[in-house]
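The opening position of the sequence shown corresponds to residue 612 in my numbering, with each subsequent residue numbered one higher. Note that the Cβ used here is the ideal one computed from N, Cα and C, for glycine as well. Keep in mind the model is a prediction, meaning the values are calculated, not measured. Reviewing the structure listed below.
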Amino acid sequence: MNQVYEKLQNCFKSVREKTDFIPEVALILGSGLGEYAEEIEVAATIDYKDIEGFPVSTVAGHKGRFIFGYVNKVPVVIMQGRVHYYEGYPMTDVVLPTRLMGLLGAKTLLLTNASGGVNKEYKPGDFMLIKDHIASFVPSPLIGENIEELGARFPDMSDIYRKELRAIIKEAAKEEGVDLREGVYMQLSGPAYESPAEVQMCRILGADAVGMSTACEALAANHMGMKVCGISCITNMACGITDQPLSHAEVQETADRVASLFKKLITASVTKLGER
Ligand code: HPA
Numbered sequence: 612m613n614q615v616y617e618k619l620q621n622c623f624k625s626v627r628e629k630t631d632f633i634p635e636v637a638l639i640l641g642s643g644l645g646e647y648a649e650e651i652e653v654a655a656t657i658d659y660k661d662i663e664g665f666p667v668s669t670v671a672g673h674k675g676r677f678i679f680g681y682v683n684k685v686p687v688v689i690m691q692g693r694v695h696y697y698e699g700y701p702m703t704d705v706v707l708p709t710r711l712m713g714l715l716g717a718k719t720l721l722l723t724n725a726s727g728g729v730n731k732e733y734k735p736g737d738f739m740l741i742k743d744h745i746a747s748f749v750p751s752p753l754i755g756e757n758i759e760e761l762g763a764r765f766p767d768m769s770d771i772y773r774k775e776l777r778a779i780i781k782e783a784a785k786e787e788g789v790d791l792r793e794g795v796y797m798q799l800s801g802p803a804y805e806s807p808a809e810v811q812m813c814r815i816l817g818a819d820a821v822g823m824s825t826a827c828e829a830l831a832a833n834h835m836g837m838k839v840c841g842i843s844c845i846t847n848m849a850c851g852i853t854d855q856p857l858s859h860a861e862v863q864e865t866a867d868r869v870a871s872l873f874k875k876l877i878t879a880s881v882t883k884l885g886e887r
């Protein structure tokens, strides 16, 4: 068996020994946004370290566990803390949790992240619905022997962040009175924040926000036929737009400031996504 698939199957078995919960929606919580998981009706939690072979996140502020439970009756699995490429894991490990949530039953994936605003009209604290992504600057998680059990060698990418799901999230945001922008997310490897020239490059290439995650997960989920959508929290303006130096503390501060709005938006979105 393909080694990547074998590892995934082992993780799947390990989770299934602990819970038979079948999620409908999978939710990945971005940096500073992990607190959302405290809000839901919990059915089971599994620490990543208790799953054999599972990549464990090392970033401060990122918890490492799956939470299974319900958001207004919608069965969900929440990744509280994701795995980043900059931690040194191969891309196939970075997307293993995403694939695992798909195998566990999740048909829909809602990705969230913290990002730097590249579009000069954005402000820290804005939310951006991800319309499309640029992932060409990080290795594809699909490189290597194709896992036929999951999807095609050359998957279509024309509607990764599904239009139908974006319409649902826009409706949820409107009902909750949360302003939502819509734009293109660009993934770079990190861990250093971008230089001003790199941010300029992102803008010229058509990005509205830049970050260190998400696109690779969307790619893997799309490959295996999950329906993907994503919301980015613009925690800061990307480097060079203002004279201010960037820090992880600023990212965290903004995420904290908008946490209650974010929770409202996620709850309303997940509820509507589950009603489909
Ligand atoms: N750049 C990359 N990743 C980020 C940023 C940023 O400015 N802010 C939060 N995550």
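Opposing strand residues paired with residue i [DSSP bridges]
i	result
D743	V795
C844	A725, F738
G822	Q798
L638	I689, L721
V667	In the DSSP output, where bridge partners are listed per residue, V667 has none listed.
R676	D658, Q691
V839	L720, Y772
Simplified DSSP state of residue i, which is helix, strand or coil
i	result
P708	helix
R868	helix
E652	strand
K731	coil
Y681	strand
E569	Residue 569 cannot be examined here, being either before or after the span of the chain that is shown, 612 to 887.
G885	helix
T703	helix
T878	helix
A832	helix
C827	helix
Y804	coil
E646	helix
E698	helix
L761	coil
F632	coil
G713	helix
Limits of the unbroken beta strand (DSSP E) element including residue i
i	result
N724	719-728
I780	Element bounds for I780: not the beta strand (DSSP E) but the alpha helix (DSSP H), 774-787.
Own chain residues within Cβ distance below 7 Å of residue i, not counting five before or after
i	result
A784	L791, L876
E760	Y616
A694	Here the sequence assigns Val to residue 694, which means Ala is not the residue at that position. Hits under 7 Å: P666, S668, Y700, D704, V705, P708.
G664	K618, N621, C622
A746	Q798, A826, C827, L830
A648	L640, I678, I689, Q691
Beta-carbon spacing of residue i, residue j below 8 Å
i	j	result
L640	T723	yes
N833	P766	yes
M680	A654	Per the sequence presented here, residue 680 reads as Gly, with Met not at that position. Against a cut-off of 8 Å, the Cβ pair of A654 and G680 comes out as a contact.
A849	E805	yes
V597	D743	Because the chain in this structure spans residues 612 to 887, residue 597 falls outside the shown range and cannot be described.
M560	V749	One cannot answer for residue 560 here, as it falls past the ends of the chain, which runs 612 to 887.
S843	I754	no
G643	A725	yes
V636	G885	yes
R868	G736	yes
V626	L721	no
I780	S880	yes
Y697	R676	no
Y772	I845	no
K883	E782	yes
G727	N613	no
Close-in-space but distant-in-sequence residues of the same chain around residue i (CB under 6 Å, 5 per side omitted)
i	result
C813	V729, M797, V821
G851	P807, V810
Residue i: first and last residue of the uninterrupted alpha helix (DSSP H) it sits in
i	result
L753	Looking at the DSSP string, L753 is not in any alpha helix (DSSP H), and its letter there is neither H nor E.
L619	614-627
R814	807-815
Cβ-heavy atom distance, residue i to ligand 3, below 7 Å
i	result
T703	Inclusion of ligand 3 in the displayed structure is not the case, the ligand content consisting of ligand 1 alone.
Same chain, Cβ closer than 8 Å to residue i, neighbours up to 5 away in sequence not counted
i	result
T878	E650, V682, N683
T630	A654, A655, I657, F679
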